[in-house]
Amino acid sequence: MKATARADVHIRSTHLDLEVAPIGQLFAGAELEVEDVLYLGAAATEADHPHATHWLRDLNGWYYWAGAMDFDETLVTHIISLPPDAAEAAEWDYNQRLPSVPDEWRRTRGRGTRIAIIDTGFVLRHPTLKHLARPGGRYDMTRPGFADRPGNDLVASRSTHGTEVLSLLAARPSAAFPVGGVAPEAEFFLLKVADAAGRIQPAPLLDALEFAIDKLKADIITVSVSVRPNLLKNADRKRLEDIDDKLAKESILLFTSLPNAGNTFELLTARRLKVPATARQALRVGAISESFFAAFHWKKFDPEIHLLANQPHIACCSGSTIKQVPLSSSYATPLMAGIAALAMAHKGGRQAMTTPTQKDVMAAFRQMLREARVVQPLSEYENDELLFFDPHWQPQEA
């Protein structure tokens, strides 16, 4: 069953006690996939009282107040959302909630860095993302000339993946909408690479990487989508080699996501690396749900991984709603890119991150992570090639 919101209205309190329940946000025109309807108040069921107060619960366990309404299979009503409480609001601002990130990095909010986000596409309807609905800065790599679509939305396809990734980096929170990105004051460039059906081909993806480097002069590029290597032609492989050379020459950080793995079996059967994670200059980011145990096995069977995050739930903007999802590699990648923006802003730019003795910007960034204790080595008995990131980890004072 679906419910459609006719208006976006917000209330700050209610006489109802939902105990500990996440409260969703919904805006005019947005659809909600309803899992359950709760009849509260004097009537226990809708049959007892057709105008009882209704709360809707969606497939993710979020609650929405639907008011007093007539109920049928094609439910259309005002859906009024409640903002989360103060504790939830603080937890969802990712510039503030990553305890291992130094305060001096955090305070920069990524100001002065240029971040290119390459993904399925982006919808800027959500209030936390409307500051990005400016002329320029958005490119559709599947259209001739990479022209932006008219209006303030750059809609990729049926996928909300790009919007969710974007919100973890760029969302600006408010009292009513508390999701905040890691580096919300960076300059963002949004590059859509999925066609109307959600498919991603090598040409738009490689076009986006070249465009971000050559035209946008990006400091950081984050990519949470990929294509299979066997789809690349010889000319495409040559383009990827040239992209690698440019990334190294310009000291640009490229973050790419790896296949997700929650247990040893998945690690043993994991698919091979995809493009652009196959690039020499790619920082490869993974996510797991079994903490260090799976990390040891991942290191054994995939020596190319650089950064690994554990898997708590996170909140992100999805279209015109807020939802909670597990921290997959797709979401760990922009989080790490955001931390890089904070580090780069603190350092004074990407060129300042390298030194005469450390000219590789990838190695320089990972060294900054180690020295600032943002990440932990996988083990004191192993080298630091694989660094372990936990969003909830609080480093102890030395």
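So for the sequence shown, the working numbering puts the first residue at -13; every next one is plus one.
C-beta: ideal position from N, C-alpha, C; glycine also.
Please read all numbers here as calculations on a predicted model, not as lab measurements.
CB residue i to CB residue j, shorter than 9 Å?
i, j, result
"Leu155", "Ala327", "yes"
"Ser314", "Ser212", "no"
"Thr106", "Gly184", "yes"
"Glu196", "Arg100", "no"
"Leu239", "Ala323", "yes"
"Gln337", "Ser237", "yes"
"Glu90", "Cys302", "no"
"Val209", "Phe241", "yes"
"Ile308", "Val168", "no"
Whole angstroms are fine: how far does the CA of residue j sit from the CA of residue i?
i, j, result
"His378", "Pro85", "6 Å"
"Ala198", "Ile103", "9 Å"
"Lys235", "Thr341", "14 Å"
"Arg111", "Thr343", "46 Å"
"Asp230", "Arg266", "6 Å"
"His385", "Ala157", "Beyond the ends of the chain as shown, which are -13 and 384, falls residue 385; an answer cannot be given."
"Phe132", "Gln380", "43 Å"
"Ser304", "Leu321", "16 Å"
"Pro164", "Asp126", "29 Å"
"Met339", "Thr128", "34 Å"
"Leu192", "Arg223", "10 Å"
"Glu227", "Asn220", "11 Å"
"Ala350", "Leu269", "12 Å"
"Leu217", "Lys345", "33 Å"
"Asp439", "Asn296", "Here the chain has residues from -13 to 384 only, and residue 439 is not among them."
"Gly334", "Gly96", "11 Å"
"Tyr317", "Ser153", "10 Å"
"Thr146", "Val347", "32 Å"
"Ala180", "Arg92", "32 Å"
"Ala194", "Pro130", "13 Å"
"Pro121", "Ala204", "18 Å"
"His117", "Gln310", "23 Å"
"Pro188", "Pro312", "28 Å"
"Phe57", "Ile186", "At Phe57 the pLDDT is 41, less than 50, meaning the model places this residue with poor confidence; the figure from the coordinates comes in the next sentence. Going from the Cα of Phe57 to the Cα of Ile186 covers about 41 Å."
"Arg225", "Ala119", "31 Å"
"Ile206", "Ala182", "27 Å"
Who are residue i's beta bridge partners in DSSP?
i, result
"Thr146", "Thr146 pairs with nothing; no bridge assigned."
"Asp205", "Beta-bridge pairing links Asp205 to no other residue."
"Glu173", "Arg100"
"Gln310", "Ala301"
"Gly166", "Asp79"
"Ala182", "Paired residue(s): none; Ala182 is not in a bridge."
"Val271", "Ser243 and Leu293"
"Leu373", "Leu293 and Pro363"
"Arg158", "Paired residues: none, contrary to the question."
"Arg214", "BP columns for Arg214 are empty, so no partner."
"Tyr125", "Leu177"
"Val347", "Paired residues: none, contrary to the question."
"Val261", "Val213"
Within its chain, find whatever has a CB closer than 8 Å to the CB of residue i; leave out the 5 residues flanking it on each side and keep chain order.
i, result
"Leu373", "His292, Leu293, Leu294, Arg352, Leu355, Arg356, Val361, Gln362, Pro363 and Leu364"
"Gly166", "Trp78, Asp79, Tyr80, Asn81, Gln82, Thr114, Ala157, Arg158 and Pro159"
"Thr319", "Val151, Thr208, Val209, Ser210, Phe241, Thr242, Ser243 and Val271"
"Arg214", "Lys260 and Val261"
With a threshold of 7 Å on Cβ separation, who are the neighbours of residue i within its own chain once the five nearest residues in sequence on each side are excluded?
i, result
"Thr94", "Leu328, Ala331 and His332"
"Leu202", "Arg100, Ala102 and Phe175"
"Pro88", "Ala358"
"Glu421", "Nothing can be reported for residue 421, as the shown portion of the chain is limited to -13 through 384."
In chain order, what residues of the same chain lie with their CB nearer than 6 Å to the CB of residue i, ignoring the 5 residues before and after it?
i, result
"Gly123", "Phe175"
"Gly98", "Ala331"
"Asp376", "Asn296"
"Pro190", "Met127, Thr128 and Val179"
"Phe108", "Leu140, Gly148, Thr149, Leu152 and Leu176"
Would a check of beta-carbon distances place residue i closer than 9 Å to chain D?
i, result
"Ile186", "Here there is only one protein chain, and chain D is not present."
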